[in-house]
Amino acid sequence: MAKSKNVCNAKKLSYISVPSQIINSLSSSSLQSLLVSPKRNNTNSFFSVYKHSCRSPRVWLFALFLFGLVGMLRLGWNIDTLIPFSPYPNPCLQTQSNTDSVAQKHDALVANANNLGQPAHDSPSEIAEFWKQPDGMGYRPCLDFSAEYRRTSEVMVKDRSKYLLVVVSGGISQQRNQIVDAVVIARILGAALVVPILQVNVIWGDESEFSDIFDLAHFKSVLANDVRIVSSLPSTHVMTRPVEEKRTPLHVSPQWIRSRYLKRINREGVLLLRGLDSRLSKDLPSDLQKLRCKVAFQALKFAPSILELGNKLAQKMQSKGPYLALHLRMEKDVWVRTGCLPGLSKEYDELIQSERRRRPELLTARSNMTFHERKLAGLCPLNAIEVTRLLKALGAPKTAKIYWAGGQPLGGKEALSPLTKEFPHFYNKDDLALPGELEPFAKKASFMAAIDYIVSEKSDVFMPSHGGNMGHAIQGQRAFSGHKKYITPNKRHMLPYFLNSSMPEAEFNRIIKELHHESLGQPELRTSKAGRDVTKYPVPECMCNDAHSHSI
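Just so we're on the same page, the working numbering is the position in the sequence shown counted from 1, plus 841.
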């Protein structure tokens, strides 16, 4: 009884809820005893009565009976109050209305669980918007050469007196650009083109030949009516010492080519050119611009073995749904050449600065600019953190499948961790290929780059982290194929917002989308800016539409 005594003497205020049915069944005196506290005339009388009541067994028995009855009745009438968070309805205890109520709670809980950790922009409408293709405005490939061009072709392809030899250098995309211009120069000179020689790459040690990378038979067939392509010099010219030209100026015109080389090739029969990168003007007569497009988009097809593997990996990505391809420029030599810093750590930054001091000739960016000036001018590659923020702002869903092209980044997996944490479905050719499938080509950088090119070109959306020959080539190819979505990061205008840590995310996303609404692969006139390459902007010379219904 000591325990009961202590409970009765505790000074706590308690409340109970009593159903109306119980209230109606109680007598007025009982109800009064429940609702009205005893009058306290003075402290001593209160404790005396309360002490006497606590010692009475009848009071205890009545209280236990009363609370037991109330509990049973309450349990029977409203079971839902006992399990407010239960997601599973009990058909034995529930009415239909209560079942519906619990089912609705269950649906809400499941929806909340599914949304845990999901970014706000992953709504179906915004996901669809990210994968939406730009309006191609009806533009289609249009390579109709003039009558004069066709008449001249009949004479040129029969000529056997003049041959052009070219040596192309650099990576595979840089070599492609030079091969395109080599065909055009051969056409300007009325000469046959000997299959271009791929210079051994001193960085990667790749000794691949033209036919290892490109389909030679296809190349010859497509250009049969434009320029005669031969595998080697004929016997009549083998012993001829070619005229070699090493110092062709930048952006020369067809007139300059003829005045400089035509007499010499007519006299000697063979002309050897090296270092054709950016030597030929971007502004050529319409027929020569069309020839550029024909070489780049139709004649230069990868060798069957490369095409087969590239298509196989692309199909694996496509089987997972729409996918995004990223060309990441985060290799050590890229940071050194651009004069930029990777931002991974002080150790990596010092490594790049030390390499740049040791080999200043590698710096291709403006040497009079600091790293911060280059960064804000949009001259630096985006790092993984910046690529991640840009993709999120543009609406890329967390579930997006991403193929990343490029060499191993400085810092390895650590450098990619911001991307892989936000977008876990992150693959490259090593992830997609079968064990040992890429091993025969491990030391062939051109082969590996060609695989990246194929999978990237076939993606639903493509974005480079930095400008470059591969990005430009894919941009032109995607435009020629119907203006497939291509995101061009507006680095110079967006980076100041990246540095503003106080800006709300919603406002940041709105501004980034606004900065890129015209940089998603829509048709752009090459002629709207000076110096644009037709193999990057094929409109209007190589693509046409119904001019009355569309305009840029």
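We treat Cβ as the ideally placed atom computed from N, Cα and C, and that holds for glycine.
Can you tell me whether DSSP reads Leu1141 as helix, strand or coil? Here residue 1141 refers to the residue found at position 300 when the sequence shown is read from its first residue. In this structure, Leu1141 counts as coil in the three-state DSSP scheme.
If contacts are defined as beta-carbon pairs under 8 Å, then Ile1193 and Leu1182 qualify, I think. What distance do you get, rounded to the angstrom? Sequence index remark: in the sequence shown, residue 1193 carries index 352 (1-based). Sequence index remark: in the sequence shown, residue 1182 carries index 341 (1-based). That belief holds up - the Cβ atoms of Ile1193 and Leu1182 are roughly 6 Å apart, short of 8 Å.
In angstroms, rounded to a whole number, what distance separates the CA positions of Ile1315 and Val1024? Working through the sequence shown from its first residue, we reach residue 1315 at position 474. Working through the sequence shown from its first residue, we reach residue 1024 at position 183. Straight-line Cα distance between these residues: approximately 20 Å.
Could you tell me the distance, in whole angstroms, from the CA atom of Phe1060 to the CA atom of Gly1253? Translated into the one-based positions of the sequence shown, residue 1060 becomes position 219. Translated into the one-based positions of the sequence shown, residue 1253 becomes position 412. Their Cα atoms are separated by approximately 38 Å.
Beta-carbon proximity of Pro1145 to Asp1056, cut-off 8 Å: On the sequence shown, residue 1145 is found 304 positions in, with the first residue counted as 1. On the sequence shown, residue 1056 is found 215 positions in, with the first residue counted as 1. Between Pro1145 and Asp1056, the gap from beta carbon to beta carbon is short of 8 Å.
Work out the CA separation of Asn1331 and His1357 for me, nearest whole Å. The residue given as residue 1357 occupies position 516 in the sequence shown. The residue given as residue 1331 occupies position 490 in the sequence shown. Approximately 7 Å between the Cα atoms of the pair.
Using the Cα positions of Ser1052 and Ile1295, report the straight-line distance between them to the nearest angstrom. The residue labelled residue 1052 in the question sits at position 211 within the sequence shown. The residue labelled residue 1295 in the question sits at position 454 within the sequence shown. Computed Cα separation, rounded: 17 Å.
Looking at the structure shown, is Arg981 part of a helix, part of a strand, or coil, going by DSSP? The sequence position of residue 981 within the sequence shown is 140, counting from 1. DSSP places Arg981 in strand when its eight states are reduced to three.
From the DSSP output, which residues share a beta bridge with Ala1033? Sequence index remark: in the sequence shown, residue 1033 carries index 192 (1-based). Ala1033 is bridged by DSSP to Tyr1004.
Round the Cβ separation of Val1175 and Pro1222 to the nearest angstrom and send it over; I've been treating them as touching at under 8 Å. Here residue 1175 refers to the residue found at position 334 when the sequence shown is read from its first residue. Here residue 1222 refers to the residue found at position 381 when the sequence shown is read from its first residue. 6 Å between Cβ atoms; contact.
On the three-pair Cβ rule with 8 Å, is the stretch 965-982 touching the stretch 1312-1327? yes
Can you list, in chain order, the residues of its chain whose CB lies under 7 Å from that of Leu1257, leaving out five sequence neighbours each side? Here residue 1257 corresponds to residue number 416 of the sequence shown, with the count starting at 1. A distance below 7 Å between beta-carbons, with the five flanking residues on each side excluded, links Leu1257 to the following residues of its chain, in chain order: Ala1225, Pro1250.
Met1344 classed as buried or exposed, judged by whether at least 16 other C-beta atoms fall within 10 angstroms: Here residue 1344 refers to the residue found at position 503 of the sequence shown. When all chains shown are included, Met1344 counts as exposed.
Starting from the C-beta of Thr1376, find all residues in its chain whose C-beta is less than 8 Å away, skip the five residues before and the five after it, and write them out in chain order. Here residue 1376 refers to the residue found at position 535 when the sequence shown is read from its first residue. Once the five neighbours on either side are set aside, the close Cβ partners of Thr1376 are Asn1018, Val1021, Arg1133, Cys1134, Ala1137, Phe1138, His1313, Ala1314, Gly1317.
Would you kindly report the start and end of the unbroken beta strand (DSSP E) that includes His1168? Here residue 1168 corresponds to residue number 327 of the sequence shown, with the count starting at 1. First-last of the beta strand (DSSP E) with His1168: 1164-1168.
Return the CA-CA distance between Pro1281 and Gln1159, expressed in angstroms with no decimal places. One-based indexing of the sequence shown puts residue 1281 at position 440. One-based indexing of the sequence shown puts residue 1159 at position 318. So the two alpha carbons sit approximately 25 Å from each other.
Candidates Ala1027, Leu1129, Ser964: closest to Phe986 by CA position: Counting from one through the sequence shown, the residue named residue 986 turns up at place 145. The option with the nearest alpha carbon to Phe986 is Leu1129.
Should Gln1016 go down as buried or exposed, given a rule of 16 or more other Cβ atoms within 10 Å for buried? In the sequence shown, the residue the question calls residue 1016 occupies position 175. Flag for Gln1016 reads buried.
Quick one: what does DSSP say Cys1385 is sitting in, helix, strand or coil? The residue given as residue 1385 occupies position 544 in the sequence shown. The answer is strand: DSSP assigns Cys1385 an E or B state.
Sequence-distant residues of the same chain with beta carbon closer than 6 Å to Ile1029, five excluded per side: For the purposes of this step, residue 1029 is identified with residue 188 of the sequence shown, where counting begins at 1. So the list reads Pro1095, Ile1098, once near-sequence residues are dropped.
Those residues which DSSP pairs with Ile1038 across a bridge: Numbered from its first residue, the sequence shown carries residue 1038 at position 197. BP columns for Ile1038 point to Val1008.
Neighbour-count burial assignment, Thr1089, 16 or more Cβ in a 10 Å radius: Your numbering for residue 1089 matches position 248 in the sequence shown. Buried, by the Cβ-count rule.
For Phe1055, name the three-state secondary structure that DSSP assigns. For this step, residue 1055 is matched to residue 214 along the sequence shown. Reduced to three states, the DSSP call for Phe1055 is strand.
Cα-Cα, which of Ser1342, Trp972, Glu967, Asp1067 is closest to Glu995? Residue numbering aside, residue 995 sits at position 154 when the sequence shown is read from its first letter. Among Ser1342, Trp972, Glu967, Asp1067, the Cα nearest to that of Glu995 is on Asp1067.
Distance between Lys1270 and Thr1229 (C-alpha atoms, nearest Å): Along the sequence shown, one-based indexing puts residue 1229 at 388. Along the sequence shown, one-based indexing puts residue 1270 at 429. Between the alpha carbons of Thr1229 and Lys1270 lies a gap of roughly 20 Å.
What does Ala1246 pair with, by DSSP beta-bridge criteria? Counted from its first residue, the sequence shown places residue 1246 at position 405. In the DSSP output, where bridge partners are listed per residue, Ala1246 has His1168.
Who pairs with Glu1085 in a beta bridge, going by DSSP? Here residue 1085 is taken as the residue at index 244 of the sequence shown, counted from 1. Answer by DSSP bridge pairing, in chain order: Leu1113.
I need the DSSP call for Val1175, collapsed to helix, strand or coil. Here residue 1175 is taken as the residue at index 334 of the sequence shown, counted from 1. Three-state result, Val1175: helix.
Would you call the CB atoms of Phe1267 and Ala1166 closer than 8 Å? Here residue 1267 is taken as the residue at index 426 of the sequence shown, counted from 1. Here residue 1166 is taken as the residue at index 325 of the sequence shown, counted from 1. No; because the gap between Cβ atoms is not below 8 Å, this pair is not in contact.
Give the straight-line distance between the Cα atoms of His1092 and Glu1227, rounded to the nearest whole angstrom. Counting from 1 along the sequence shown, the entry for residue 1092 is found at position 251. Counting from 1 along the sequence shown, the entry for residue 1227 is found at position 386. Roughly 35 Å separates the two Cα atoms.
Look at the Cβ atom of Leu1005, then the Cβ atom of Val1035, and state whether they are nearer than 8 Å. Along the sequence shown, read from residue 1 onward, the residue named residue 1005 stands at position 164. Along the sequence shown, read from residue 1 onward, the residue named residue 1035 stands at position 194. For Leu1005 and Val1035, yes; Cβs fall inside 8 Å.
According to the Cβ coordinates, are Ile1013 and Ile1147 closer than 8 Å? Position 172 of the sequence shown, counted from the start, is the residue given in the question as residue 1013. Position 306 of the sequence shown, counted from the start, is the residue given in the question as residue 1147. The answer is no: Cβ separation not under 8 Å.
Taking only three categories from DSSP, how would you classify Tyr1327? Position 486 of the sequence shown, counted from the start, is the residue given in the question as residue 1327. In this structure, Tyr1327 counts as strand in the three-state DSSP scheme.
With a cut-off of 8 Å, does the C-beta of Ala1234 fall near any C-beta of chain C? Among the chains of the structure shown, chain C does not appear; only one protein chain is present.
For the structure I just gave you, are there three or more beta carbon pairs, one from the stretch 1113-1128 and one from the stretch 1074-1090, closer than 8 Å? Touching, yes, given that three or more Cβ pairs across the two stretches are closer than 8 Å.
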